[in-house]
Amino acid sequence: MRSTLAFAFWLLLPAVALAQPSPEEACRADMDGCVAEANGLLSRDESLDRVIALYRVACNRGQWEGCRRLGALYAIGRGVPRELPRAATLFELACNGQNQAACLHLGLMQLHGTGVREDVPGGLRLVQGACEAGVRGACGHLATCYDEGTGVTADPDRAEQLRQRECVNDPASCGGAASEAEERDPAEALAEYRTACERNRDANACLRLGVLVRDGRGIAADAAAAAVWFARACAGGEMAGCNHVGVAYEDGTGVRQDLPRAVQLYERACDAGFQLGCSNFGRMLETGRGVAQDVERARGLYQSACEAGALLGCNNLGLMYEEGVGVAANVGRAAELYRQACDGGARLGCYHLGLLTEDGRGVARNLPTAVDLFRRACDGDVAYACTALGTMYFGGRGVTQDYAAASRLWAAACDRRDEYACVRLGILYEEGQGVTQDVAGASRLYAHACEAEEWTGCTRLGLLHQSGQGVDQDDARALDLFRRGCEHDDLRGCIGLGYMHERGRGVRQDYTAARALYTRACDGGELRGCNNLGFLYLRGLGVTSEPGRAVELFRRACEGRNALGCSNLGSLYLAGSGVPADAARAAQLFERACGAGAPRGCFNLALLYQQGNGVASSETRAQELFQQSCREGYEPACARCTAR
212 MRSTLAFAFW LLLPAVALAQ PSPEEACRAD MDGCVAEANG LLSRDESLDR VIALYRVACN
272 RGQWEGCRRL GALYAIGRGV PRELPRAATL FELACNGQNQ AACLHLGLMQ LHGTGVREDV
332 PGGLRLVQGA CEAGVRGACG HLATCYDEGT GVTADPDRAE QLRQRECVND PASCGGAASE
392 AEERDPAEAL AEYRTACERN RDANACLRLG VLVRDGRGIA ADAAAAAVWF ARACAGGEMA
452 GCNHVGVAYE DGTGVRQDLP RAVQLYERAC DAGFQLGCSN FGRMLETGRG VAQDVERARG
512 LYQSACEAGA LLGCNNLGLM YEEGVGVAAN VGRAAELYRQ ACDGGARLGC YHLGLLTEDG
572 RGVARNLPTA VDLFRRACDG DVAYACTALG TMYFGGRGVT QDYAAASRLW AAACDRRDEY
632 ACVRLGILYE EGQGVTQDVA GASRLYAHAC EAEEWTGCTR LGLLHQSGQG VDQDDARALD
692 LFRRGCEHDD LRGCIGLGYM HERGRGVRQD YTAARALYTR ACDGGELRGC NNLGFLYLRG
752 LGVTSEPGRA VELFRRACEG RNALGCSNLG SLYLAGSGVP ADAARAAQLF ERACGAGAPR
812 GCFNLALLYQ QGNGVASSET RAQELFQQSC REGYEPACAR CTAR
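In terms of our numbering, the sequence shown is residues 212 to 855.
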């Protein structure tokens, strides 16, 4: 049945002064400013040609709001011919750039088949995502789908929940002139909300005022002021305000962090029937933050929230089933709850369902489906999902390998405060994969992650200071960074710290300390630690020389795909140290090491080809391997390349 959803596009039109530079110059100087200039001109119905040019330049330079606004002009035929397919293309471009308002536009077009091929499931997903992201009007459109059974089973109760959610997200949209002012001009809306809040004690107006101030719409963002308005909304009986100010106290945003106060506010909202407050209250009870831990009560709150349509509660309940917290572990039940959350628009549920689908836990393993779930969650601003999706692109798992796509996704996640994504992005810049190599840029990403207590960032930055790549060579700084990583269980940091002790760099040489650190890393599954520990046993550094023990450690590293371990094990087979001499076996191990990125393995294999030792003699193959080893930075191989 074709939906009768209202089909409309809106533009936010804050007034600004006219600017004289060309559109290219205006956007080059200030990308957001050039869009703001266009908005102001449009609100006064002036210079439509310049408006269109400004939006087009902004869009071409990746300012997705410019793409959305240009698409809206094509959709309604204002200043340009009405071209719905072109509008859809612009909305899709902006939507792919995480502009959720554009996703709503595109979703409505797909639901209707207006300007695009009708795609009710795809359109519904976009509208759901926009609703979850708080885009004005999205939950109302989704409610109509549930009323009419468009893409979903008709469910009047669910439709009513969505309408209530729309009123919570935007109370003024349920009636009154202030909502139109917010769309047209956030500054005007601010004035109207302030008047209604202060003079009329309108709790809904206080809530909306807090949202605008928090998000920096019509005024500079001010978390402290937003917390004040949310508190006034809460005092006036608007439970969404209690929940918002609870979040502020939990995170210490705009107010001094006060977990017990956050708990009180969440509980107050929950007691009044605001289910998102129940979910947040349950989370505090589950973890014992600001309140005595009570896992059973938390489970009950999640269950109630989930049943009432607060889908974050479904997600949180799923986590309890997945981890066996307060309930018997049941990954299948967790998957059902994540799916319920995801299908209802709670994108965090999509992320957790994607993790299960990637691993085949509780559901059939299906990498392309996992990719789709991560993408849906990433599009809904779940930073961890963007990181996971980037990892799939990096490894070519469920999708064609694409380092550039991985870099874009990790950059988006890094911007959203997933510091692990910052580290992954830094590695791409360090190695020049999918991006132009920029080791100094990588160092800045590592430093940012390290300061945010993503300890792998400390270790990666330590490696750069150890070698002097992209930063000053500084053994003392490297030592401190490795120590920070190791103390927080980043085992690669322990390996780096062990190496500094082994070589006496930045610290007194201490083989015993090095052995302890390598052992910790090896026992924890970091196979480079096994390799380095094997070297100590081979040479008798801080331990009695035991070639047999070295063989065990190198083999363990090699079997775990550590290239240097394979190369070292091959050397022992070649020399007959700790194992019977076996040149053919040595050649196999050098081949494996070379293919896994160890240039010394390539060099050793080249020598065997020159000598015909363990392999058929081949100077041609030897030279190929010397050249490969040289390209990968092993200097002794370079000399062999020139001596032909």
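For each residue, glycine too, the CB sits at the ideal point set by N, CA and C.
Keep in mind the model is a prediction, meaning the values are calculated, not measured.
Entirely within the stretch 423 to 488 and at least 4 residues each: give me those alpha helix (DSSP H) ranges in chain order. Runs of the alpha helix (DSSP H) inside the stretch 423 to 488: 434 to 446, 450 to 462, 470 to 482.
Uninterrupted alpha helix (DSSP H) stretches inside the stretch 721 to 748 (no shorter than 4 residues): The DSSP assignment places 722 to 734 as complete runs of the alpha helix (DSSP H) inside the stretch 721 to 748, in order along the chain (cut-off: 4 residues).
Quick one: what's got a C-beta closer than 7 Å to leucine 744's C-beta in the same chain, skipping five residues either side? In the sequence shown, the residue the question calls residue 744 occupies position 533. Same-chain partners within the cutoff: Arg726, Tyr729, Thr730, Cys733, Leu764.
Could you say which of Trp275, Leu252, Ser233 lies nearest to aspartate 243 if we only look at CA atoms? Taking the sequence shown and counting its residues from 1, one reaches residue 243 at position 32. The shortest CA-to-CA distance from aspartate 243 to any of Trp275, Leu252, Ser233 is the one to Trp275.
According to DSSP, is glycine 277 helix, strand or coil? Working through the sequence shown from its first residue, we reach residue 277 at position 66. Note: glycine 277 maps to helix in three-state DSSP.
Looking only at C-alpha atoms, which of Gly609, Thr670, Leu317, Val610 sits nearest to arginine 635? Reading the sequence shown from its first residue, position 424 is the one you call residue 635. Among Gly609, Thr670, Leu317, Val610, the Cα nearest to that of arginine 635 belongs to Thr670.
Does the contact criterion of 3 or more C-beta pairs under 8 Å hold for the stretch 794 to 802 versus the stretch 741 to 760? By the criterion of at least three beta-carbon pairs nearer than 8 Å, the stretch 794 to 802 is not in contact with the stretch 741 to 760.
Enumerate in chain order the residues of its own chain whose CB-to-CB distance from leucine 620 is below 6 Å, with the five nearest sequence positions on each side excluded. The count along the sequence shown starts at 1 and reaches residue 620 at position 409. Non-local C-beta neighbours of leucine 620 in its own chain, meaning closer than 6 Å and more than five positions away in sequence, comprise Cys597, Leu600, Gly601, ordered along the chain.
Relative to the alpha-carbon of proline 847, which residue among Ser828, Leu818, Ser829, Arg832 has its alpha-carbon at the smallest distance? Along the sequence shown, read from residue 1 onward, the residue named residue 847 stands at position 636. Comparing Cα positions, the closest option is Leu818.
Closer than 6 Å by C-beta to serine 840: which residues in its own chain qualify, once you throw out the five before and the five after it? Chain order, please. Here the question's residue 840 lines up with position 629 in the sequence shown. Spatial neighbours of serine 840 in its own chain (CB-CB distance under 6 Å, excluding positions within 5 residues in sequence) are listed in chain order as Pro810, Cys813, Phe814, Ala848.
Reference arginine 376; option with closest CA among Ala653, Phe693, Gly556: Here residue 376 is taken as the residue at index 165 of the sequence shown, counted from 1. Comparing Cα-Cα distances from arginine 376 to each of Ala653, Phe693, Gly556, the minimum goes to Gly556.
The alpha helix (DSSP H) with histidine 563 in it runs from where to where? Indexing the sequence shown from 1 puts residue 563 at position 352. That run of the alpha helix (DSSP H) goes 558 to 570.
To the nearest angstrom, how far is the alpha carbon of aspartate 368 from that of glycine 520? As a working mapping, residue 368 is identified with position 157 in the sequence shown. As a working mapping, residue 520 is identified with position 309 in the sequence shown. Here the C-alpha atom of aspartate 368 lies approximately 10 Å from the C-alpha atom of glycine 520.
Which residues bound the alpha helix (DSSP H) around threonine 670? On the sequence shown, residue 670 is found 459 positions in, with the first residue counted as 1. Where threonine 670 is concerned, the enclosing alpha helix (DSSP H) stretches over 666 to 678.
Alanine 388 versus arginine 279 - alpha carbon distance: Looking up residue 388 in the sequence shown gives position 177. Looking up residue 279 in the sequence shown gives position 68. For alanine 388, the pLDDT reaches just 43, beneath the cut-off of 50, and the residue's location in the model is therefore unreliable, although a value from the coordinates is still provided. Between the alpha carbons of alanine 388 and arginine 279 lies a distance of about 24 Å.
What first and last residue would you give for the alpha helix (DSSP H) that runs through proline 397? Against the sequence shown, residue 397 aligns to sequence position 186. Here the alpha helix (DSSP H) through proline 397 covers 397 to 411.
What distance in whole Å lies between the Cβ atoms of leucine 738 and glycine 771, which are believed to be in contact at a cut-off of 8 Å? Along the sequence shown, read from residue 1 onward, the residue named residue 771 stands at position 560. Along the sequence shown, read from residue 1 onward, the residue named residue 738 stands at position 527. Sure, about 4 Å apart at Cβ, within 8 Å.
CB of glycine 560 within 8 Å of CB of leucine 522, strictly: To locate residue 560, count along the sequence shown from 1; it is residue 349. To locate residue 522, count along the sequence shown from 1; it is residue 311. Yes, the Cβ-Cβ distance between glycine 560 and leucine 522 is below 8 Å.
Whole-angstrom distance between valine 327 and proline 296, CA atom to CA atom: By one-based count along the sequence shown, residue 296 stands at place 85. By one-based count along the sequence shown, residue 327 stands at place 116. Take the alpha-carbon of proline 296 and the one of valine 327: they are about 6 Å apart.
Hey, how far is the Cα of leucine 353 from the Cα of asparagine 526? Counted from its first residue, the sequence shown places residue 353 at position 142. Counted from its first residue, the sequence shown places residue 526 at position 315. Looking at the two C-alpha atoms, the distance is approximately 20 Å.
Per-residue DSSP class, three states only, for glycine 825: Sequence index remark: in the sequence shown, residue 825 carries index 614 (1-based). Of the three classes helix, strand and coil, the one that applies to glycine 825 here is coil, per DSSP.
Chain C beta carbons: is any one of them nearer than 8 Å to that of glutamine 311? The structure shown contains no chain C; it is built from a single protein chain.
Considering tyrosine 631, what are the terminal residues of the alpha helix (DSSP H) in which it resides? Within the sequence shown, numbered from 1, the residue matching residue 631 stands at position 420. From DSSP, the alpha helix (DSSP H) with tyrosine 631 extends over 630 to 642.
Note the first and the last residue of the continuous alpha helix (DSSP H) segment covering alanine 312. Residue 312 sits at position 101 when you count from the first residue of the sequence shown. Note, alanine 312: alpha helix (DSSP H), 311 to 323.
As assigned by DSSP and simplified to three states, the class of glutamate 757: Here residue 757 is taken as the residue at index 546 of the sequence shown, counted from 1. Of the three classes helix, strand and coil, the one that applies to glutamate 757 here is coil, per DSSP.
On a CA-only basis, which of Gly707, Gln486, Asn491, Gly696 is nearest aspartate 686? Give me that one, please. Reading the sequence shown from its first residue, position 475 is the one you call residue 686. Of the candidates Gly707, Gln486, Asn491, Gly696, the one whose C-alpha sits nearest the C-alpha of aspartate 686 is Gly707.
Tell me whether alanine 370 sits in a helix, a strand or coil according to DSSP, three-state version. As a first step, residue 370 is located in the sequence shown; it is residue number 159 there, counting from the start. Alanine 370: helix per DSSP, three-state reduction.
So, do the stretch 602 to 616 and the stretch 635 to 655 have three or more beta carbon pairs nearer to each other than 8 Å? Counting Cβ pairs under 8 Å, three or more are found: they touch.
Closest by C-alpha distance to arginine 558, when choosing among Thr568, Phe585, Gly537, Ala545: Stepping through the sequence shown from its first residue, residue 558 is reached at position 347. Comparing Cα-Cα distances from arginine 558 to each of Thr568, Phe585, Gly537, Ala545, the minimum goes to Phe585.
By the 10 Å Cβ neighbour count, where 16 or more other Cβ atoms means buried, how is glutamine 504 classified, buried or exposed? Within the sequence shown, numbered from 1, the residue matching residue 504 stands at position 293. Glutamine 504 should be labelled exposed.
At the level of alpha carbons, what is the spacing between serine 829 and glutamate 662? Sequence index remark: in the sequence shown, residue 829 carries index 618 (1-based). Sequence index remark: in the sequence shown, residue 662 carries index 451 (1-based). Roughly 52 Å separates the two Cα atoms.
Which first and last residues belong to the alpha helix (DSSP H) in which leucine 752 is found? Position 541 of the sequence shown, counting from 1, holds the residue named residue 752. From DSSP, leucine 752 is part of no alpha helix (DSSP H); its letter is neither H nor E.
Could you tell me the distance, in whole angstroms, from the CA atom of arginine 284 to the CA atom of leucine 487? Reading the sequence shown from its first residue, position 73 is the one you call residue 284. Reading the sequence shown from its first residue, position 276 is the one you call residue 487. The identity of residue 284 in the sequence shown is leucine, whereas the question assumes arginine. Each residue's CA atom was taken as its position, placing leucine 284 and leucine 487 some 37 Å apart.
In the DSSP assignment, find the unbroken alpha helix (DSSP H) run with aspartate 330 in it and report its ends. Counting from one through the sequence shown, the residue named residue 330 turns up at place 119. Unbroken run through aspartate 330: none, as it is neither H nor E.
Alpha carbon to alpha carbon, what distance is there between leucine 775 and cysteine 769? In the sequence shown, residue 769 corresponds to position 558, counting from 1. In the sequence shown, residue 775 corresponds to position 564, counting from 1. Each residue's Cα considered, the two are about 7 Å apart.
What residue does the alpha helix (DSSP H) around arginine 289 start on, and which one ends it? One-based indexing of the sequence shown puts residue 289 at position 78. Counting along the chain, arginine 289 falls outside any alpha helix (DSSP H), and DSSP gives it neither H nor E.
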